[in-house]
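Asker:
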Amino acid sequence: MIINMNYGYIYIIENDLNDKVYVGQTTNPELRKFAHLGGSSGCPLIRNMIKKYGRSHFDFVIIEVCVSLHQLNEREKYWVSKLGTLSPGGYNLTSGGEGMGFPSEETRDKLSHSKRGKNSPWWGKTLSDAHKEK
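So in full-length UniProt numbering, the last one in the sequence shown is 134, and the numbering has no gaps at all.
#1: I'd like to know whether the C-beta atoms of Tyr-22 and Cys-43 end up nearer to each other than 8 Å.
#2: I'd like to know if the stretch 102 to 111 and the stretch 77 to 86 are in contact, where contact means that at least 3 CB-CB pairs between them fall below 8 Å.
#3: Return the chain-ordered ranges of every beta strand (DSSP E) run that is complete within the UniProt domain "GIY-YIG" (6 to 93) and spans a minimum of 3 residues.
#4: Hey, Arg-55 and Leu-37 are a contact pair by Cβ (cut 8 Å); roughly how many whole angstroms apart?
#5: Whether or not the stretch 9 to 19 and the stretch 53 to 70 are in contact is what I'm after, with contact meaning three or more pairs of Cβ atoms, one per stretch, closer than 8 Å; do they touch?
#6: What is the DSSP secondary structure of Leu-127, reduced to helix, strand or coil?
#7: Below 8 Å on the Cβ atoms is my contact criterion, and I expect Asn-6 with Val-65 to pass it. Report the Cβ-Cβ distance as a whole number of Å.
#8: Beta carbon of residue 135, beta carbon of Lys-115: below 8 Å?
#9: Of the choices Asn-48, Ile-46, Lys-82, Met-49, whose alpha-carbon is the least far from that of Ile-63?
#10: Would you report the Cα separation of Ser-124 and Ser-40, rounded to the nearest angstrom?
Given below as structure tokens:
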């Protein structure tokens, strides 16, 4: 039986035109690489830069393997600091380790309440019989 001791990976994405770097963490490097370079990642700065310069100018490189979530978070912070990748010098928007997080229950309630009473653009529209049959 083979036991995988790798919890996650620290990676960098480097722009070969301006040498700016993004440091990130993942448990699935292939999926993360595809998300970033495919333009569907959650990092708006990276997504916009890939649109601006093109995929061919960005390299995705794993720089460290970590064995726990704690180590993964600490090492991401270390690399962001060591490489100086916080925006505007790099592409990181935070100092690392915590991700962008999830909205709190209070924030979700505020968002929910702000949307109440607003009708959908389809509210009150009638559909033809042909469209209903589709």
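Glycine included, every Cβ here is placed at the ideal spot set by N, Cα and C.
Answerer: Let's see:
#1: yes
#2: no
#3: 8 to 15, 21 to 26, 58 to 66
#4: 5 Å
#5: yes
#6: coil
#7: 5 Å
#8: Since the first and last residues shown for the chain are 1 and 134, residue 135 lies out of range.
#9: Lys-82
#10: In the sequence on display, residue 124 carries Gly and not Ser. Taking the straight line from one Cα to the other gives about 34 Å.
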